[in-house]
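In what follows, a structure is listed as structure tokens, so that the remarks can point back to it.
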Ligand code: HEM
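Residue numbers (the numbering used here): 5 to 235.
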């Protein structure tokens, strides 16, 4: 068996863990934005997001096991939990240690999601964004494979994909809010403030005859409150 096997394990599992992390972030965003939300989707699509996060944790554990078992660089468990303690590239490794903390926090809080107040869970879950960037910096600064063209292209394509979906997530709600506002205005045009036929200022005017829209409710509550003549 090659004596470099642990080193290969550390490198390959680090890269796989990072890719799984990126996939979990992208998948989570696809589920929470309208890209997938408007369509009927089977339950396994939701579970996939959780699975990707869980697998990222598993491959990170393999990453640490590889580093610990490899004897080219001395890595004790303390070097893996105390940021800056490693003698080998302390700053680059510290980013990895900090990402590990966030990864564990996000994963644990998701496991206990039902027991946590929604706001707390959400706050922790949003740490996935800094987690992804910290792990990206860590991989780029600590990794042996950053010299490889394949590695660099993989990182570029993955980062562009994450940035694209995050941007969509940030921009999309404002469009949705605009659509909601339009729908509200359209409803107002039809119903009027008390159910009478009126026009909303921001929408194309359509005046509805009183008879068409008057409901029992509006008749009872304010029959003459809005003397808008539609004739
Ligand atoms: C306690 C936490 C961590 C420690 C101590 C640590 C340490 C290291 C070290 C020493 C390397 C350099 C390996 C080499 O190329 O020889 C490395 C590379 C790497 N790590 Fe970590 N890491 C940690 C957490 C993470 C996490 C959470 C991720 C991602 C989810 C990650 C992803 C990577 C990647 C992608 C590489 C580059 C691999 C390569 O280019 O060969 N690491 N890490």
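We put the CB at the ideal spot given by N, CA and C, even for glycine.
Here the alpha carbon of residue 62 sits roughly 16 Å from the alpha carbon of residue 136. Using a cutoff of 6 Å, the CB of residue 122 does not count as near the ligand HEM, since none of the ligand's heavy atoms is closer than that. Relative to the ligand HEM, residue 22 has its C-beta within less than 6 Å of a heavy atom.
The beta carbon of residue 14 lies closer than 7 Å to those of 67, 70, 71 and 74 in the same chain, with the five residues before and after it left out.
A residue is called buried when at least 16 other Cβ atoms come within 10 angstroms of its Cβ; residue 152 does not meet this threshold and is exposed.
When rounded, the separation of the alpha-carbon atoms in residue 120 and residue 194 is 43 Å.
Around the CB of residue 22, 16 or more other CB atoms lie within 10 Å, so the residue is classed as buried.
Between residue 104 and the set 78, 57 and 164, the nearest pair of CA atoms involves 57. DSSP places residue 153 within a helical segment (H, G or I) once states are collapsed to three.
Listed in chain order, the alpha helix (DSSP H) elements of length 4 or more contained wholly in the region 74–111 are 81–85. Burial state of residue 30 is buried, judged by a 10 Å Cβ sphere holding 16 or more other Cβ atoms. In its chain, beyond the 5 residues on either side, 96 have a beta carbon closer than 6 Å to the beta carbon of residue 145. Annotation: residue 186 to residue 175 spans about 17 Å, alpha carbon to alpha carbon.
In this structure, the C-beta of residue 75 stays at least 6 Å away from each heavy atom of the ligand HEM. In the DSSP assignment, residue 18 falls within the alpha helix (DSSP H) that extends over 9–36. Under the three-state reduction of DSSP output, residue 143 falls in the helix class. Of the residues 19, 26, 64 and 79, the one whose Cα lies closest to the Cα of residue 53 is 26. Approximately 7 Å separates the beta-carbon atoms of residue 101 and residue 85; this is inside 8 Å, confirming the contact.
Judged by DSSP in its simplified three-state form, residue 130 adopts coil rather than helix or strand. Secondary structure of residue 116 (DSSP, three-state): coil. Between residue 172 and residue 37, the CB-CB gap stays under 7 Å.
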